[in-house]
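Enquirer:
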Amino acid sequence: MSHVYVLGVKRISTFFRFSNTILKTIVTSQKSESDNDVPYQLWRHENGYLINKQTNLYLDVDSDVRVFEFRKLGKHIVLCHQKPDTNGANQQWTLTKEGYIVLKSHPKYVINVKGTKMVHTLCFLIVIQYLLQGVILPSGK
Numbered sequence: 001m002s003h004v005y006v007l008g009v010k011r012i013s014t015f016f017r018f019s020n021t022i023l024k025t026i027v028t029s030q031k032s033e034s035d036n037d038v039p040y041q042l043w044r045h046e047n048g049y050l051i052n053k054q055t056n057l058y059l060d061v062d063s064d065v066r067v068f069e070f071r072k073l074g075k076h077i078v079l080c081h082q083k084p085d086t087n088g089a090n091q092q093w094t095l096t097k098e099g100y101i102v103l104k105s106h107p108k109y110v111i112n113v114k115g116t117k118m119v120h121t122l123c124f125l126i127v128i129q130y131l132l133q134g135v136i137l138p139s140g141k
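In UniProt numbering, the protein residues as written are 1 to 141.
#1: Which residue wins for smallest C-alpha separation from C80, given the options S34, T25, G99 and G48?
#2: If you drop the 5 nearest sequence neighbours on each side, which residues of the same chain put their C-beta closer than 7 Å to that of G99?
#3: Are T94 and G48 touching if we call contact CB-CB under 8 Å?
#4: V102 lies in the beta strand (DSSP E); which residues open and close that run?
#5: Please state whether DSSP places D60 in a helix, a strand or coil.
#6: In angstroms, rounded to a whole number, what distance separates the CA positions of Q133 and N36?
#7: List the residues that DSSP assigns as beta-bridge partners of Q92.
#8: Does the separation of the CB atoms of Q30 and Y58 fall below 8 Å?
#9: Could you have a look at N87 and say whether DSSP puts it in helix, strand or coil?
#10: I need the straight-line Cα distance from K83 to D60, nearest angstrom please.
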């Protein structure tokens, strides 16, 4: 049986002093239409921005990850409010003819999954290298 995987949002509730919810961008199994969490897996595309239907937050690259961690792990994909035009370059995406979602300002950065389990796996931005044969390898290999 094959599974369909989608980009979604995982909600994690915390109860420190007050109720707070943390949102994480994940890859997970597609929900059935009757599931209440379906809007967390739906996105709209507006002028290069990917916006989650349920939260109205924008897909963004976490700018808090240190450079040395970026080289090793990749940057986290996060949800944020829309940034002003001058700061929104990390929120604009495009789809390549090969089907990859890439950062519009840096097309060599593609959304990828880290980890061995597909369900509820965090999303990262990694550098890829396109080869003439159409094979994709991480940068530096």
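Where is the CB? At the ideal position from N, CA and C, for every residue including glycine.
For clarity, every value in this text was computed on a predicted model and none was experimentally measured.
Expert: Straight from the coordinates:
#1: T25
#2: So the list is empty, once near-sequence residues are dropped.
#3: yes
#4: I101 to L103
#5: strand
#6: For Q133, the pLDDT reaches just 31, beneath the cut-off of 50, and the residue's location in the model is therefore unreliable, leaving the point undetermined.
#7: Y49
#8: no
#9: helix
#10: 10 Å
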